[in-house]
């Protein structure tokens, strides 16, 4: 029992030291960029789909080519998206999201590059958010580029189980405005994210496993251009040895503790 307490105390002291280091880095930085992944939104009730917990870990994503070529795959795609909307559509920004919005307004956070498609950064109040993998809040036509709010289409599919048609051209495939597996990232979006990385003097990665490319290479670009790299993630990542600081703790706890120190005289 005493040994367990001893190791817990060491962990707490190490975390405290890391948070003081992060606070000092934030104070000195002129151009902070945040890079966020699924772990950013778990405190909002949205599971990390890469985790081994829960029913969503058993869902096989529909590949982009299958969506285009196969009616059954399109149906499965719409089933997954609509049921995810039904389960998580009411999610709200957590304290971590809210503090990043505060940092944009009152500190030197210049922007967020996110792998998330939930729109919670914008809900919290952030203005410059680059969504690498698109947004689940809109649908768009792959043929005529029609775009619309996704909510009514999700509700309609849940009610009648019919794949919606594009209301503009009637013939194009209607898909959520997200990047599916096997689908290329938008080059304009990727360029904007790369530009933000090159301008950063401090990049804070939050809740990303840094596995999915090309997004996972963006922190390398920031580091190569002189930025300090901080990784806040529950699990280890492949870039931990490349980072200036790694904190394997809750994002919400870490950012809140950092902000508390920043407010001290």
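Residue numbers (the numbering used here): 1 to 265.
For glycine and all other residues, C-beta sits at the position ideal for the given N, C-alpha and C.
Is residue i helix, strand or coil by DSSP?
{"i": "residue 257", "result": "helix"}
{"i": "residue 221", "result": "helix"}
{"i": "residue 179", "result": "coil"}
{"i": "residue 228", "result": "strand"}
{"i": "residue 68", "result": "helix"}
{"i": "residue 160", "result": "helix"}
{"i": "residue 46", "result": "coil"}
{"i": "residue 146", "result": "coil"}
{"i": "residue 2", "result": "Bear in mind that a pLDDT of 40 at residue 2, under 50, signals an unreliable position, so the model cannot answer this."}
{"i": "residue 29", "result": "coil"}
{"i": "residue 39", "result": "helix"}
{"i": "residue 86", "result": "helix"}
{"i": "residue 135", "result": "strand"}
{"i": "residue 236", "result": "coil"}
{"i": "residue 96", "result": "helix"}
{"i": "residue 130", "result": "strand"}
{"i": "residue 108", "result": "coil"}
{"i": "residue 204", "result": "strand"}
{"i": "residue 165", "result": "strand"}
{"i": "residue 216", "result": "helix"}
Residue i: which of the options sits nearest, CA to CA?
{"i": "residue 114", "options": "125, 96, 123 and 134", "result": "134"}
{"i": "residue 195", "options": "60, 225 and 81", "result": "225"}
{"i": "residue 215", "options": "228, 60, 231 and 190", "result": "190"}
{"i": "residue 129", "options": "154, 217, 199 and 112", "result": "112"}
{"i": "residue 232", "options": "148, 96 and 221", "result": "96"}
{"i": "residue 37", "options": "261, 230, 67 and 210", "result": "210"}
{"i": "residue 213", "options": "200, 184 and 33", "result": "184"}
{"i": "residue 158", "options": "42, 73, 78 and 66", "result": "78"}
{"i": "residue 59", "options": "83, 19, 45 and 255", "result": "83"}
{"i": "residue 229", "options": "245, 236, 217 and 237", "result": "245"}
{"i": "residue 238", "options": "217, 26, 253 and 256", "result": "217"}
{"i": "residue 35", "options": "207, 256 and 253", "result": "207"}
{"i": "residue 176", "options": "45, 105, 123 and 68", "result": "68"}
{"i": "residue 262", "options": "197, 43, 88 and 102", "result": "102"}
Can you round the beta-carbon distance between residue i and residue j to whole angstroms, since I take them to be within the 8 Å contact cut?
{"i": "residue 116", "j": "residue 100", "result": "The Cβ separation is near 12 Å, so there is no contact."}
{"i": "residue 181", "j": "residue 63", "result": "5 Å"}
{"i": "residue 120", "j": "residue 91", "result": "7 Å"}
{"i": "residue 136", "j": "residue 118", "result": "7 Å"}
{"i": "residue 33", "j": "residue 200", "result": "4 Å"}
{"i": "residue 20", "j": "residue 108", "result": "The pair is not a contact, with the Cβ atoms about 19 Å apart (cut-off 8 Å)."}
Straight-line CA distance for residue i to residue j?
{"i": "residue 223", "j": "residue 150", "result": "37 Å"}
{"i": "residue 202", "j": "residue 80", "result": "37 Å"}
{"i": "residue 173", "j": "residue 258", "result": "46 Å"}
{"i": "residue 85", "j": "residue 187", "result": "27 Å"}
{"i": "residue 219", "j": "residue 243", "result": "9 Å"}
{"i": "residue 264", "j": "residue 23", "result": "11 Å"}
{"i": "residue 155", "j": "residue 47", "result": "21 Å"}
{"i": "residue 248", "j": "residue 234", "result": "5 Å"}
{"i": "residue 66", "j": "residue 73", "result": "6 Å"}
{"i": "residue 144", "j": "residue 251", "result": "40 Å"}
{"i": "residue 61", "j": "residue 179", "result": "11 Å"}
{"i": "residue 166", "j": "residue 70", "result": "17 Å"}
{"i": "residue 153", "j": "residue 170", "result": "15 Å"}
{"i": "residue 56", "j": "residue 76", "result": "Confidence in residue 56 is poor, its pLDDT being 47 and thus under 50, which makes the residue's placement unreliable; the coordinate value appears in the next sentence. Taking the straight line from one Cα to the other gives about 14 Å."}
{"i": "residue 236", "j": "residue 204", "result": "15 Å"}
{"i": "residue 227", "j": "residue 25", "result": "11 Å"}
{"i": "residue 122", "j": "residue 45", "result": "17 Å"}
{"i": "residue 221", "j": "residue 193", "result": "10 Å"}
{"i": "residue 124", "j": "residue 43", "result": "14 Å"}
Quick one: is residue i buried, meaning 16 or more other Cβ sit within 10 Å of its Cβ, or exposed?
{"i": "residue 6", "result": "Only weak support exists for where residue 6 lies, its pLDDT of 38 falling under 50; the coordinates are left without a value."}
{"i": "residue 54", "result": "Residue confidence is low: residue 54 scores 45 on pLDDT, short of 50, so the model does not pin down where it sits. Its coordinate-derived value is still stated next. With fewer than 16 other Cβ atoms within 10 Å, it is exposed."}
{"i": "residue 268", "result": "Only positions 1 to 265 of the chain appear in this structure, which leaves residue 268 out of reach."}
{"i": "residue 28", "result": "exposed"}
{"i": "residue 17", "result": "exposed"}
{"i": "residue 278", "result": "Nothing can be reported for residue 278, as the shown portion of the chain is limited to 1 through 265."}
{"i": "residue 94", "result": "buried"}
{"i": "residue 106", "result": "exposed"}
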